Structure formats: structure tokens, C-alpha cells
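These notes are about the structure you will find just below.
Protein chains: 2
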Amino acid sequence: MSDNTSLLDIRKMRILQAIVDDYIMTAAPVGSRTVSKRSDMGLSPATIRNEMSDLTELGFLEQPHTSAGRIPSEKAYRLYVNHIMDQAKLTDDEADYIKRHLDTRVHEVGEVIRQTAKVISDMTNYTSMVLVPQLSSMKVKRISLIPVSEGSAMAVVVTNTGVTKNSMISIPESLSPDDIEKISKLITEKLDGHRLTDAIESVLPAIRAEIGEQADAVCEMLEDIERSMSETDVEVVGASNILDYPEYSDAQKARSFLTEVETGNYLQQVLKDSSDVEMSVRIGTDNDNPDLKDCSVITVTYKAGGKNIGSMGVVGPTRMDYGKVMAVLKYLSNSLSDILSKLLK
Amino acid sequence: MSDNTSLLDIRKMRILQAIVDDYIMTAAPVGSRTVSKRSDMGLSPATIRNEMSDLTELGFLEQPHTSAGRIPSEKAYRLYVNHIMDQAKLTDDEADYIKRHLDTRVHEVGEVIRQTAKVISDMTNYTSMVLVPQLSSMKVKRISLIPVSEGSAMAVVVTNTGVTKNSMISIPESLSPDDIEKISKLITEKLDGHRLTDAIESVLPAIRAEIGEQADAVCEMLEDIERSMSETDVEVVGASNILDYPEYSDAQKARSFLTEVETGNYLQQVLKDSSDVEMSVRIGTDNDNPDLKDCSVITVTYKAGGKNIGSMGVVGPTRMDYGKVMAVLKYLSNSLSDILSKLLK
DNA sequence: TGTTAGCACTCAAGGGTGGCGAGTGCTAAC
DNA sequence: GTTAGCACTCGCCACCCTTGAGTGCTAACA
Chain A
1 MSDNTSLLDI
11 RKMRILQAIV
21 DDYIMTAAPV
31 GSRTVSKRSD
41 MGLSPATIRN
51 EMSDLTELGF
61 LEQPHTSAGR
71 IPSEKAYRLY
81 VNHIMDQAKL
91 TDDEADYIKR
101 HLDTRVHEVG
111 EVIRQTAKVI
121 SDMTNYTSMV
131 LVPQLSSMKV
141 KRISLIPVSE
151 GSAMAVVVTN
161 TGVTKNSMIS
171 IPESLSPDDI
181 EKISKLITEK
191 LDGHRLTDAI
201 ESVLPAIRAE
211 IGEQADAVCE
221 MLEDIERSMS
231 ETDVEVVGAS
241 NILDYPEYSD
251 AQKARSFLTE
261 VETGNYLQQV
271 LKDSSDVEMS
281 VRIGTDNDNP
291 DLKDCSVITV
301 TYKAGGKNIG
311 SMGVVGPTRM
321 DYGKVMAVLK
331 YLSNSLSDIL
341 SKLLK
Chain B
1001 MSDNTSLLDI
1011 RKMRILQAIV
1021 DDYIMTAAPV
1031 GSRTVSKRSD
1041 MGLSPATIRN
1051 EMSDLTELGF
1061 LEQPHTSAGR
1071 IPSEKAYRLY
1081 VNHIMDQAKL
1091 TDDEADYIKR
1101 HLDTRVHEVG
1111 EVIRQTAKVI
1121 SDMTNYTSMV
1131 LVPQLSSMKV
1141 KRISLIPVSE
1151 GSAMAVVVTN
1161 TGVTKNSMIS
1171 IPESLSPDDI
1181 EKISKLITEK
1191 LDGHRLTDAI
1201 ESVLPAIRAE
1211 IGEQADAVCE
1221 MLEDIERSMS
1231 ETDVEVVGAS
1241 NILDYPEYSD
1251 AQKARSFLTE
1261 VETGNYLQQV
1271 LKDSSDVEMS
1281 VRIGTDNDNP
1291 DLKDCSVITV
1301 TYKAGGKNIG
1311 SMGVVGPTRM
1321 DYGKVMAVLK
1331 YLSNSLSDIL
1341 SKLLK
């Protein structure tokens, strides 16, 4: 991958940068004259043409048809992101915008997540997505069971970091509300400090010892809780932004993008898969999802208390303003981590 | 409104019906020949033309340009929905589809709501929305406060119908977890059988009498709970379906529709406003929202235990298959009411 | 040897033209 | 009251031509 660098001399790199930069702005094939006109280039169109011809041969550029300009290939975007691109910094205005819109007084995790997704989407004008903090890696502080009706209860799990999640579970009819309260206390006591995923193996024996008769029922409940807690939620904002980009002016293309985003399965998987790499960039067919073959997905992680607890990202056309998006995501990763670290203290 | 009926003789009505039916199917202006060819009409194009000319004068039809056919006006859709349209019944296949896809074994309200929204959208191919059951009209059975971290707790409200809702609230630092548990028991006891909205006026004095010192803090908490509980959630599915209709092939139009649906404020308001009329139909500019001026919104209510507890509906182009949508919604209103009545018993 | 000017060539996009067909309104006859 | 006939309108489409942006190649130049 990084061998690519040695394949290209500095001039080719600069020309490729010019082409990618221009194409990201305009979505129109870039011609030699356009590149040559860039003040800092100092080469005639003819020379540029020769270089562009080489770049095409090397697989970095493509030609929609003979007499059109060139457009960058996926390979070009990868090189661009890894070696060429200017690392953008946010302007003061942009940093300001984030500060004003991430309200640190909000005291609910879900609300902060939604705000963050909104800010990402507003600043980049692409589709943003934020995974809500994952419980699986955290330690349980408390599990409350609240009787709701015959045969059902709400389970609320609170972790040591203060992240909460709740879900309805079914309970055996044989358990009275009092029993439930007792069990609720008991499992909180036993699970305190353990991961939920370890619950069944490590803690159940102890529970079984104390409540012989109902043990099976409790075991089932715990499994139920564990199952529902491992379900992930993801907040998606700005899906319709895609319609601002001419490559999606075709209703059919837009439709398949939006359907994919609406169901969200693939993107959720990407966020989960990337939740341990600080920043990941998937360009075009890196996404093994045909509906997103002309899209790029960039993700970053966020932390609380120094530990990764979730990830967030952006989906947009392959012709994406990588510099800007990466800068925004990096900045917001820090902001969100700060806020959550305080919030979940 | 129903005066319109007397303005039109039966033949005009039948012609108008033919035109609306055809336009709903094809989205193309309907000409006199097309109407005449309908087997049951038995009139020549020329006669139809005369009638169409009258209908245009009366404001039921519009002409995009001289030599095009006619398209129905909003006024025509209103007449069509109220007096002309054949009341469609679902086919056996469709009823079957619903039975198979509304899994009655699911025991969580939220999940049932999501399924319902999905089914509506799949069957109609428009955008569906379902308001989750509203607590405001129900009586409280239990309020649990679960300490999460210093200064914050999760409040879980359970109503007598078994609907639950939870939210984070902030609590005074001075309250210990034990205090919270005590208060949780106390307010459950006092509020049992009351509406949450009455809580503060009717119940607080009693609470105040029992816990003098912390009463203000508790009062604030209750207000906080009440506020967050009155927030409504709405499940929206199938927004991208709009791209299947040629009137939204223009990216700009599609964009404004999708943005409006994505933020959801207006539609949420409509659902809330219509939560006491069995079925409501808003056609075009009935929606005082410029982004939806070419859309129609149809809503129905659903019940549990004989009482309206929420509403759901469909948004789509004004050229909407009203008969089908109304049939689907009516059927699903019953199904959902049945399921919820059992679920929330 | 690298750079550049010149030139012939390609091809998409845009504008103009004309025919086609769906539709209308009017009139006159049944 | 209904209908056939007819002249007229106008959007759509296919066709053609022009334009212009862009290319590749070649030959000359530093």
C-alpha cells in the first residue's frame, strides 16, 4: 500500500493532489488545462497531459470517455488520504460552532449522542452516525427489575461508568412482585463489578445456591437481559444530505443509498467493527456492500475515562472532502470523550 | 363541503372518479379518450370532453397546458375521499401478510410499534409513522427511581395499562441512594391511580407533609419527570419510498420532503393533534407546511382497553392510493389495538 | 532529455428543426 | 343531449449540426 509512494515522484503527487482536490469540489472530470492554471503548478497543459497519461496507466485516474477530463480512481483516493492530502485543521469559527452546539449541561447520554450526530451532519453536510455507548465492555453496577404487568418486567442496567440501558423482559408467572424485587437485589449484589457477558458463567452458581427453586427462571431472565443489552443502537442524522450531490441526482441511486442507511444494518456493523481503531477510512468497494460501492465511510472512536466506549462516523460519496471530515471527526471525538467522561464520572 | 355532492350529477361524479383513479395509477394527465375507453362508461370522448370542461370550470380539474389531459385538483381529491372513492377492503393475501408480520409473541410495546410502522410502509409503499403510546392520558401505577451516578437517576414510569417510559433526571446531590429509594416508594404510593399530569397539584401536598425538608427537591424532580414523560416519540419508516414516485424525481423536491420527515416535528404534531379522531385526512395545503404542500397525510388512532392511546399514519404524494391506504390503516388500527390490549392487560 | 507548441481527432452537451401524437374546443349533424 | 369531424395546440422525441473542452501524437526547442 505505502509502496505507492515510491512509485510516484513529487510532481505526479502534486498533480494528482490538484486533480483530486478539484474533483472533490466540482464533481466534474478535470482536464489538463485546469490543472495547469493552478498558480503553483508552473507547467504547460501538454506536460500535465503526459503526466496524467502516466497516472492513468498506473491506475490512479480514469477517463469517462476519450474527450473528457480525468477522474480519480479509488486507488487515488486511498493514496490521497494516506499520503497526499493536507491535514485540515478546523477554523476558529468551526470549533466555536461545535462548542456552541454541544451543550455540556445536558445530563443524558442519549441526548448528547443525538446532538453530536446533528453537529457532524451539519458541519460536513454528509450523513452522520453515532453508536451509543456499548455496555458489553463495561462492568455492571446495578440491575433493577421493575414489575410492569403479569409476566413482564423492565430491566434497567447501570454500569460503573454510568451508562444505562433498559429493556422489557418476560418473567415467569410464578414470580410475585416481591420475588422480583428480591431477585433484583440479589443479582445486583452478585453482579456488581462483573461484566454482563460473564454473568451467567461466573455468577449464576452463587445465585443458584441462594434461590434453589427459581434458579432456572432467573437464569433465563439473565440470558434475556444479556441478549437485549448487547443490541446496539445507532443514531443516524442527515441521510437526505446525499441529495445535494449530483452523483445522486438519479432517483434510483439515491433510493438504494437511503434504504441502506435507513435500515442501517451494514453501517452499524461497520461502527462496531471499527470500535477499536482510532480512525478508519473505507473507500468505495472497501465497503463490501453493493449499495455503498460509490460511498466512503470514515469512523473514529470516542472514549470515557480513557477507554473506548463507542464510535461514530460519516457516510458520503467517494468524492468526499476527506480532510474536512477527518478534522471534524477528530475534533468531535475529543469533545464527546470529554463530555462523556465528565457525565459518566 | 358536502354541498359539493349536490353540485355534481352522477355522471360527472363517475367521470371524476375515473380520472382520479387513473391519475393515481399513472401520474400522467388523463385525456378524454382514456376515460371514454373505460368499459363501463359508454360515452364518446367528445361528451366526456364537455363534462371535463365543466369539471375544470368548477375547480375539480386542472390543465397543465392546453393540449394535455386534466389532473385532479385538491378539491377533487377531497370530494373523491369523502363521497366518490370505492371503499377498498384488503384482499385475503394482504390480511394474511399483516398477520404474519405482526408477531403477537413480541412482548415489548416499542417492538410492536416498530413492526407496525414497517408493515404499513411495506404494504402501502409510502412513508409510515406511528406515535408511541402517550402516557399523559393514563394513570400511574408505579414510578421507580434508580440511582445512576451522583446527581442523576433514571426514572421509570409504569402506567396502569402497562405502558412504560423512562428518562434520566437530575437529582439533588443531597439525596443518598437510600433517600431515593424511599422517595421512589413514597411517590409510587401517592401517585398510584393518578395521572402524571395531576401529580404536582394533587399529590404534592401529601408528599410534602411526609418529607418536609426535601419536599422542594422532590417537587422539582416530579416536574422534571413530568416534562420528560410528555415528550413524544414517533417511529418513522420508509421515508425513501417517496423516491419511487415520479413527482419527486427532482432532487430538490425530494430533499425538502425528506428533511421535513427526518426532523419529524410537523408530522409528530399532526399525529398528536389527530389522536382523538378515528381517521383524519389532510390533503395538500390542508397541511400548513410548505414542504408538504404536495403531500397528503392520513392518520388513524389505536386503542388499548377501549381507550385511544396513540395514533399512526401515512405521508405520501397527494396522488395517493387513498382507498388502499385507508383500508390498510383501518385494518392495522384494529390489529394493533388488539395486540396492545392483550399486551398491556 | 524533459518541456512545450501545434494540430488533428473525439465526443458530450446544447440548440434548432420538424414530425408525431395526445389532447382540446368548436361546430354541425343526428 | 350526444357524437363525429376538424382545425388547432403543444409537449416530446429524434435528428442534425455546432461548439468547445479535452486528448494523444509529433516535432521543435532549451
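For the record, the sequence lines run as chains A and B.
Numbering of the first sequence is given in the working numbering, commencing with residue 1 and proceeding in unit increments.
Numbering of the second sequence is given in the working numbering, commencing with residue 1001 and proceeding in unit increments.
Backbone N, C-alpha and C define an ideal beta-carbon position, used for all residues, glycine too.
All figures in this text were calculated on a predicted structure; none of them were measured in a lab.
Taking the CB atoms as reference points, tell me whether V297 of chain A and D288 of chain A lie closer together than 9 Å.
-> no
Which residues mark the beginning and the end of the alpha helix (DSSP H) in which S1036 of chain B is found?
-> S1032 to K1037
Integer-rounded CB distance, given that S1073 of chain B should sit under 8 Å from E1062 of chain B = 5 Å
With a cut-off of 9 Å, does the C-beta of A95 of chain A fall near any C-beta of chain B?
-> no
With 16 as the cutoff for other CB atoms within 10 Å, does I113 of chain A come out buried or exposed?
-> buried
Would you tell me roughly how many angstroms separate the C-alpha atoms of S1167 of chain B and T1232 of chain B, rounded to the nearest one?
-> 12 Å
Determine whether the Cβ of L8 of chain A lies closer than 9 Å to any Cβ atom of chain B.
-> no
Give the secondary structure of R1195 of chain B by DSSP, where H, G and I count as helix, E and B as strand, and everything else as coil.
-> strand
Given that a residue counts as buried once 16 or more other Cβ atoms are within 10 Å of its Cβ, and exposed if not, what is R1282 of chain B?
-> buried
Determine the DSSP secondary structure at P1029 of chain B, reduced to helix, strand or coil.
-> coil
Where the alpha helix (DSSP H) containing I1084 of chain B begins and where it ends = No alpha helix (DSSP H) contains I1084 of chain B, which DSSP labels as neither H nor E.
CB contact flag (V1315 of chain B, L1243 of chain B, <9 Å) = no
Which of helix, strand or coil DSSP assigns to N983 of chain B = Because chain B spans 1001 through 1345 in this model, residue 983 of chain B falls outside it and cannot be assessed.
For K165 of chain A, does the three-state DSSP call read helix, strand or coil?
-> Of the three classes helix, strand and coil, the one that applies to K165 of chain A here is strand, per DSSP.
List the endpoints of the continuous alpha helix (DSSP H) containing K293 of chain A.
-> From DSSP, K293 of chain A is part of no alpha helix (DSSP H); its letter is neither H nor E.
Could you tell me which of A:Q115, A:C219, A:E201 and A:D122 sits nearest to P172 of chain A, measuring between CA atoms?
-> A:C219
Are there three or more Cβ pairs, one per stretch, closer than 8 Å when the stretch 178-198 of chain A is compared with the stretch 1170-1187 of chain B?
-> no
Checking contacts by CB at 9 Å: is M138 of chain A closer than that to chain B?
-> No, M138 of chain A does not count as interfacial toward chain B.
Mind listing, in chain order, the continuous beta strand (DSSP E) runs of no fewer than 3 residues lying wholly within the stretch 207-293 of chain A?
-> 234-237 and 279-283
Compare the C-alpha of A46 of chain A against each of A:V261, A:E57 and A:G31 and name the closest.
-> The shortest Cα separation from A46 of chain A among A:V261, A:E57 and A:G31 belongs to A:G31.
Would you report the Cα separation of M1001 of chain B and S1280 of chain B, rounded to the nearest angstrom?
-> Its pLDDT being 43, under 50, M1001 of chain B is placed unreliably in this model, and the value from its coordinates should be taken loosely. The alpha-carbon atoms of M1001 of chain B and S1280 of chain B are separated by roughly 15 Å.
Between which two residues does the alpha helix (DSSP H) carrying V1132 of chain B extend?
-> First-last for V1132 of chain B: undefined, no H or E at that position.
Going by alpha carbons, who is nearest to T34 of chain A out of A:R70, A:T116, A:S144 and A:V109?
-> A:R70
How far does the beta strand (DSSP E) with P1317 of chain B in it reach, from first residue to last?
-> K1307 to P1317
Report back the beta-carbon spacing between P1290 of chain B and A1027 of chain B to the nearest angstrom; my notes put them in contact at under 8 Å.
-> Not a contact, Cβ separation roughly 22 Å.
Would you identify the three-state DSSP class for A153 of chain A, choosing helix, strand or coil?
-> strand
Assuming G310 of chain A contacts Q134 of chain A (C-beta within less than 8 Å), just tell me the rounded distance between them.
-> Separation of the CB atoms of G310 of chain A and Q134 of chain A is rounded to 6 Å, and the pair is thereby assigned contact status at 8 Å.
Cutoff 9 Å: H194 of chain A Cβ touching any chain B Cβ | no
Is there contact between the stretch 145-164 of chain A and the stretch 1153-1162 of chain B, where contact requires at least three CB pairs shorter than 8 Å?
-> Inter-segment contact for the stretch 145-164 of chain A and the stretch 1153-1162 of chain B is present: three or more beta-carbon pairs are separated by less than 8 Å.
Of the choices A:A239, A:K139, A:S256 and A:F257, whose alpha-carbon is the least far from that of E226 of chain A?
-> A:K139
Three or more C-beta pairs below 8 Å linking the stretch 93-109 of chain A and the stretch 1006-1015 of chain B | no
If you draw a straight line from the alpha carbon of K1253 of chain B to that of T1259 of chain B, how long is it in whole angstroms?
-> 10 Å
For E1262 of chain B, go through chain A and note every residue whose CB falls closer than 9 Å to its CB, in chain order.
-> V237, G238, A239 and S240
Using the C-alpha atoms, what's the distance from L343 of chain A back to E108 of chain A?
-> 8 Å
Chain B residues whose Cβ lies nearer than 8 Å to that of L344 of chain A = S1149
Give the single residue among A:N82, A:L271 and A:L292 whose Cα lies nearest to the Cα of T428 of chain A.
-> Given that chain A is displayed from residue 1 to residue 345, the structure contains no residue 428 of chain A and the question cannot be resolved.
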